[in-house]
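Please read the structure below before turning to the comments.
There are 2 protein chains.
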Amino acid sequence: MKGISIKDIAKQAGVSPTTVSFVLNGKAKEKRISEQVSKKIQKIATRLKYKPNQLARGLRTGKTKTIGLIVEDIANNFFATLAKVVEDEADKHGYKVLYGSTEDNTEKAKGLLEVLKYRQVDGYIITPTKNLDKEIELLQSAAKPLVLVDRYFPHVNSHYVVLNNYKGAYDATTHLVKQGYKKIAIVTIASDQTQMKERLDGFTAALKDHKIPFNKSFVKRLPFDLDRESFNNEIKKFLTAVKGVDAVFFATNYLGIAGIETIRSMGWEIGKEIGLVGFDDHDLFRLHSPSITCVSQPIAAIGKSIVDLLMKELNHVAGTPASPPQQVILEPELIIRGSSSRK
Amino acid sequence: MKGISIKDIAKQAGVSPTTVSFVLNGKAKEKRISEQVSKKIQKIATRLKYKPNQLARGLRTGKTKTIGLIVEDIANNFFATLAKVVEDEADKHGYKVLYGSTEDNTEKAKGLLEVLKYRQVDGYIITPTKNLDKEIELLQSAAKPLVLVDRYFPHVNSHYVVLNNYKGAYDATTHLVKQGYKKIAIVTIASDQTQMKERLDGFTAALKDHKIPFNKSFVKRLPFDLDRESFNNEIKKFLTAVKGVDAVFFATNYLGIAGIETIRSMGWEIGKEIGLVGFDDHDLFRLHSPSITCVSQPIAAIGKSIVDLLMKELNHVAGTPASPPQQVILEPELIIRGSSSRK
DNA sequence: TAGTAATACTAAAACGTTTTAGCAATACCA
DNA sequence: TGGTATTGCTAAAACGTTTTAGTATTACTA
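Sequence lines, in order, name chains A and B.
Reminder that position 278 of the first sequence reads as 307 in my numbering, one-by-one numbering, no gaps.
Reminder that position 257 of the second sequence reads as 286 in my numbering, one-by-one numbering, no gaps.
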């Protein structure tokens with residue numbers, strides 16, 4: 030069952046495909062097609078439920094009305110929620126989304142970029158992995174619209190939308206200090222990427238500003254690609270090794286979840302014996318006993334911002350002066366709950 | 030920056046585009062292209078990093094190597110996890126995934142199908158909404174490969190992969206009975222679709238089989254499209270209205286989450302004062318205090334099964350006898366935790 | 001040595017659009 | 001009345017592939 034094409038309409042209307050194309054693309058006036066013919070074509074088109082073949086159109090115009098969304102892991106609550114926002118926002122502009130997960134693996138990310146490229150996506154939303162900067166710059170020099178998200182490359186002048194991760198971590202840590210915790214540890218991911226670096230920096234800066242002596246042994250950096258059990262084991266090892274630790278900041282949502290599980294398995298009472306702050310809000314954090322204080326990202330605003338930037342790029346007419354890449358840094362919200370209170 | 034095309038290779042190799050196409054599609058032998066020429070073309074192609082333009086190929090062959098994934102809500106843990114599995118499995122066969130969320134809205138679903146159709150996706154994975162049966166049948170009569178997931182239409186003979194929802198609900202309810210709960214309520218979604226119908230049927234059947242008198246007032250069916258607060262309010266109203274209720278089965282993951290929140294806000298002690306079983310596993314269920322008993326779906330197996338079926342269809346050669354639609358029904362696992370124990 | 005078969009390749013059409021360049025007919029102007 | 005503008009449309013090329021239907025050359029057969 031073939032779809033119906035512009036030719037079918039042309040035949041029925043007794044005009045050329047050219048005319049049909051003009052009319053259906055709203056160029057009737059501009060191309061001086063008479064009202065009569067115009068109306069007739071419109072009528073036939075709706076009667077036949079004509080939908081242009083996007084492949085043919087894409088081949089000719091180079092535009093597919095598709096954007097590529099590269100995330101770390103689509104199954105992760107943060108990215109899944111982001112994907113939903115992106116879907117909705119993109120839809121408003123007639124775009125569809127092809128997604129892919131990198132699992133923080135540079136080779137996988139490169140593969141995804143490659144595939145998306147020869148699928149001719151119009152623009153990219155990318156959660157970059159380490160060492161993806163060259164590829165990003167390549168895309169830029171090819172004038173491909175792209176927006177980085179969650180993290181960026183300081184030496185690459187690109188659009189990006191990220192959280193003020195430094196502030197998030199700083200506020201979380203400050204909060205712990207103000208709550209009376211003295212020996213505060215951080216469990217984070219061994220990554221030099223901006224989001225992780227800033228979270229660690231915010232943490233150490235807060236300690237320093239509040240005259241809490243900083244001790245390297247209070248920092249645990251774990252590889253990204255562990256399974257849940259290994260995370261749990263590593264966290265347990267760490268927390269038992271750190272003498273006198275009385276609070277811990279988990280720098281990602283999944284670390285926080287693993288942390289809760291581990292600490293409970295150790296029999297420590299969250300809040301009382303050990304203060305705890307997580308990253309990203311989550312149903313678990315909200316409903317855990319005690320509920321878990323966390324740094325919450327404004328995911329809807331992030332997604333909206335990303336798509337807005339991307340659309341601006343996509344609608345940018347070649348030849349006109351390009352607007353410079355924009356860096357959007359959104360503010361986190363510290364949601365204070367029971368896990369950071371000794372009472 | 031244009032990509033390099035088959036013509037560029039042809040020019041460099043001093044042969045025709047046809048020859049290049051044959052070689053790169055592995056038809057060198059079949060089309061009797063000499064080893065020499067074949068090798069030369071291969072070499073040039075890899076040197077130039079040639080990647081076929083998928084639009085052009087798709088236009089010509091009618092195959093886009095893209096599948097459409099229509100879920101209820103990509104932000105929901107269950108569907109997000111499924112999306113990840115589908116992504117991975119599809120990738121093994123060289124397919125990419127376009128996704129869309131219906132929000133259980135038939136009009137949105139129809140819109141998605143329409144868009145995916147004229148984007149020429151090769152196959153569909155669909156979480157159907159109510160009244161989408163006509164569209165499904167239309168796709169089928171157009172010989173489009175498709176697999177329904179999570180729910181299906183009893184009167185439509187299509188591929189589908191679903192949970193044994195009846196058993197899931199039956200086991201959950203039986204478990205509550207065996208734990209000594211006597212007045213067991215269910216909170217579900219007001220939907221006549223199979224997954225919800227079967228969960229309700231499993232619930233009532235279990236009550237009957239265990240001689241628990243069934244009372245219509247113990248069933249609450251809520252509309253899908255409420256926000257969290259409204260869910261909470263409705264659940265609260267329901268639970269306070271039902272005299273003597275001592276256990277409740279929440280028939281979806283988000284209802285379970287809302288249920289936990291609500292019951293706690295009412296000051297009832299989960300397990301002791303009210304038994305609770307949820308649907309789909311979730312970090313919250315695992316780590317809540319008390320932990321929440323739930324009916325868990327084998328998401329990895331579901332995703333794998335779906336993609337396997339779809340690939341079989343996609344690789345099916347026209348003309349050969351079609352294998353009949355397969356119905357895969359996977360078994361749930363009842364994960365027993367603290368919320369269904371009075372101790 | 002003519003006829004057939006096999007080998008090694010290619011020209012051109014096709015997929016369904018968009019877009020450029022242009023043509024015929026009518027209208028307008030002096 | 002001859003020339004220019006304007007109107008209303010279309011032919012054909014192009015996008016980058018795949019595929020059909022060849023052709024030219026060489027090799028084999030009787």
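Idealized CB from N, CA, C, for every residue including glycine.
### Task
Find out if the Cβ-Cβ distance for the pair A/ILE96, A/TYR124 is shorter than 7 Å.
Counting from 1 along the first sequence, the entry for residue 96 of chain A is found at position 67. Counting from 1 along the first sequence, the entry for residue 124 of chain A is found at position 95. Contact flag set, yes.
### Query
Taking one C-beta from the stretch 192-209 of chain A and one from the stretch 300-309 of chain A each time, how about it: are there three or more such pairs within less than 8 Å?
Result yes; three or more Cβ-Cβ pairs closer than 8 Å.
### Task
Assuming A/LEU156 contacts A/VAL178 (C-beta within less than 8 Å), just tell me the rounded distance between them.
Here residue 156 of chain A corresponds to residue number 127 of the first sequence, with the count starting at 1. Here residue 178 of chain A corresponds to residue number 149 of the first sequence, with the count starting at 1. For the record, residue 156 of chain A in the displayed sequence is Thr; it is not Leu. Their Cβ separation, rounded to whole angstroms, is 5 Å, which keeps A/THR156 and A/VAL178 in contact under 8 Å.
### Query
Do A/MET111 and A/GLY332 have their C-beta atoms within less than 7 Å of each other?
Numbered from 1 along the first sequence, position 82 holds the residue referred to as residue 111 of chain A. Numbered from 1 along the first sequence, position 303 holds the residue referred to as residue 332 of chain A. With the sequence shown as reference, residue 111 of chain A is identified as Leu, and Met is not the correct amino acid for it. Contact check for A/LEU111 against A/GLY332 passes: the beta carbons are separated by less than 7 Å.
### Task
Quick one: give me the first and last residue of the beta strand (DSSP E) that A/GLY87 is part of.
For the purposes of this step, residue 87 of chain A is taken as the residue at position 58 of the first sequence. It is not in any beta strand (DSSP E) - A/GLY87 instead sits in the alpha helix (DSSP H) that spans 83-90.
### Message
Against chain B, does A/LEU313 count as a neighbour if the rule is that its beta carbon must be under 7 Å from one of theirs?
### Response
Stepping through the first sequence from its first residue, residue 313 of chain A is reached at position 284. Answer yes: the Cβ-Cβ gap between A/LEU313 and chain B drops below 7 Å somewhere.
### Query
Where A/GLY55 and A/THR75 are concerned, what is the direct C-alpha to C-alpha distance, given to the nearest angstrom?
The residue you call residue 55 of chain A lines up with position 26 of the first sequence. The residue you call residue 75 of chain A lines up with position 46 of the first sequence. So the two alpha carbons sit approximately 14 Å from each other.
### Query
If you draw a straight line from the C-alpha of A/ASP133 to the C-alpha of B/LYS113, how long is it?
In the first sequence, the residue the question calls residue 133 of chain A occupies position 104. In the second sequence, the residue the question calls residue 113 of chain B occupies position 84. In this structure, the straight-line span from the alpha carbon of A/ASP133 to that of B/LYS113 is close to 14 Å.
### Task
Report yes if the CB atom of A/ASN194 is closer than 7 Å to the CB atom of A/GLU360, and no otherwise.
Here residue 194 of chain A refers to the residue found at position 165 when the first sequence is read from its first residue. Here residue 360 of chain A refers to the residue found at position 331 when the first sequence is read from its first residue. No, Cβ-Cβ distance for A/ASN194 and A/GLU360 is not below 7 Å.
### Message
Buried or exposed for A/HIS184, going by 16 or more other Cβ atoms inside 10 Å?
### Response
Along the first sequence, read from residue 1 onward, the residue named residue 184 of chain A stands at position 155. The residue is exposed, with fewer than 16 neighbouring Cβ atoms inside 10 Å.
### Query
Hey, is B/GLY87's beta-carbon within less than 7 Å of any beta-carbon in chain A?
Position 58 of the second sequence, counted from the first residue, corresponds to residue 87 of chain B. For B/GLY87, the nearest CB of chain A lies under 7 Å from its own CB, placing it at the interface with that chain.
### Message
Quick check on this structure: which residue in B/ILE335, B/HIS188, B/ARG148 has the alpha carbon closest to the alpha carbon of B/GLU166?
### Response
Translated into positions along the second sequence, residue 166 of chain B becomes position 137. Checking every option, the nearest Cα to that of B/GLU166 belongs to B/HIS188.
### Task
Can you have a look at A/LYS260 and say buried or exposed, based on whether 16 or more other CB atoms are within 10 angstroms of its CB?
Position 231 of the first sequence, counting from 1, holds the residue named residue 260 of chain A. Sequence inspection shows Phe at residue 260 of chain A; the Lys mentioned does not correspond to that position. The residue is buried, with at least 16 neighbouring Cβ atoms inside 10 Å.
### Query
If A/ILE286 and A/LEU313 are in contact, beta carbons under 8 Å, what's the gap, nearest whole angstrom?
By 1-based counting over the first sequence, the position of residue 286 of chain A is 257. By 1-based counting over the first sequence, the position of residue 313 of chain A is 284. Approximately 6 Å separates the beta-carbon atoms of A/ILE286 and A/LEU313; this is inside 8 Å, confirming the contact.
### Query
What's the call for B/VAL346, buried or exposed, on a 16-neighbour Cβ count within 10 Å?
Numbered from its first residue, the second sequence carries residue 346 of chain B at position 317. Sixteen is the threshold: since fewer than 16 other Cβ atoms of the shown chains lie within 10 Å of the Cβ of B/VAL346, the residue is exposed.
### A/TYR147, enclosing beta strand (DSSP E) - first and last residue
Numbered from its first residue, the first sequence carries residue 147 of chain A at position 118. Careful: A/TYR147 lies outside any beta strand (DSSP E), inside the alpha helix (DSSP H) at 135-147.
### Message
Give me the DSSP bridge partner(s) of A/TYR79.
### Response
Walking along the first sequence from the start, residue 79 of chain A turns up at place 50. Per DSSP, none; premise fails for A/TYR79.
### Query
According to a CB-to-CB cut-off of less than 9 Å, which residues of the stretch 146-162 of chain B neighbour chain A?
LYS146, TYR147, ARG148, GLN149
### Task
Assuming A/ASN344 and A/HIS311 form a contact by the criterion Cβ under 8 Å, report the distance between their Cβ atoms to the nearest whole angstrom.
In the first sequence, the residue the question calls residue 344 of chain A occupies position 315. In the first sequence, the residue the question calls residue 311 of chain A occupies position 282. About 36 Å; that fails the 8 Å criterion.
### Message
Looking at the strands, I want to know which residues DSSP matches up with A/ALA362.
### Response
Taking the first sequence and counting its residues from 1, one reaches residue 362 of chain A at position 333. Looking at the sequence provided, one finds Glu at residue 362 of chain A rather than Ala. Answer is A/SER325, bridged to A/GLU362.
#### Entry: Nearest residue (CA-CA) to A/CYS323, options A/HIS204, A/TYR128, A/LYS137, A/LEU363
The count along the first sequence starts at 1 and reaches residue 323 of chain A at position 294. The shortest C-alpha separation from A/CYS323 is found at A/LEU363.
### Query
Candidates B/ALA276, B/LEU268, B/ALA280: which alpha carbon is nearest B/THR223's?
Taking the first residue of the second sequence as position 1, residue 223 of chain B is located at position 194. Closest option to B/THR223, Cα to Cα, is B/ALA280.
### Query
So which residues of chain A does B/THR110 contact, with C-beta pairs closer than 8 Å?
Taking the second sequence and counting its residues from 1, the one referred to as residue 110 of chain B is at position 81. Correct list: ALA104.
### Message
Against chain A, with Cβ distances strictly below 7 Å, would B/GLU290 count as a contact?
### Response
Taking the second sequence and counting its residues from 1, the one referred to as residue 290 of chain B is at position 261. It does: the Cβ of B/GLU290 has a partner Cβ on chain A nearer than 7 Å.
### Task
At 8 Å on the CB atoms, spell out the chain B contacts of A/SER318, in chain order.
Taking the first residue of the first sequence as 1, we reach residue 318 of chain A at position 289. Those are HIS317, SER318, listed as they occur along chain B.
### Message
Using a Cβ-Cβ cutoff of 8 Å, what residues of the stretch 124-143 of chain A are near chain B? List them in chain order.
### Response
LYS125, VAL126, LEU127, TYR128, GLY129, SER130, GLU143
### Query
Based on the DSSP secondary-structure assignment, which residues constitute the bridge partners of B/TYR128?
Counted from its first residue, the second sequence places residue 128 of chain B at position 99. Answer by DSSP bridge pairing, in chain order: B/LEU98.
### Query
At which residue ranges does the stretch 227-255 of chain B contain complete beta strand (DSSP E) runs of 3 or more residues, listed in the order of the chain?
248-251
### Task
Express the C-alpha separation of A/GLU263 and A/PHE247 in angstroms, rounding to a whole number.
Reading the first sequence from its first residue, position 218 is the one you call residue 247 of chain A. Reading the first sequence from its first residue, position 234 is the one you call residue 263 of chain A. Taking the straight line joining both Cα atoms gives about 14 Å.
### Rounded C-alpha distance that separates A/LEU268 from A/VAL274
What you label residue 268 of chain A is simply residue 239 of the first sequence in a count that begins at 1. What you label residue 274 of chain A is simply residue 245 of the first sequence in a count that begins at 1. Near 7 Å, if we compare the C-alpha coordinates of A/VAL274 and A/LEU268.
### Task
Rank A/GLU143, A/THR135, A/LEU141 by C-alpha distance to the C-alpha of A/ASP162 and give the top, closest one.
Locating residue 162 of chain A in the first sequence gives position 133, counting from the first residue. Ranking the options by Cα distance to A/ASP162, first place goes to A/THR135.
### Message
Just to confirm before moving on: does the CB-CB distance between B/ARG371 and B/SER320 stay below 7 Å?
### Response
Within the second sequence, residue 371 of chain B is the residue found at index 342, counting from 1. Within the second sequence, residue 320 of chain B is the residue found at index 291, counting from 1. The answer is no: Cβ separation not under 7 Å.
### Query
In the DSSP assignment, what residue or residues form a beta bridge with A/GLY123?
The residue labelled residue 123 of chain A in the question sits at position 94 within the first sequence. BP columns for A/GLY123 are empty, so no partner.
### Message
With a threshold of 7 Å between beta carbons, is B/LEU84 in contact with chain A?
### Response
Counting from one through the second sequence, the residue named residue 84 of chain B turns up at place 55. Answer yes: the Cβ-Cβ gap between B/LEU84 and chain A drops below 7 Å somewhere.
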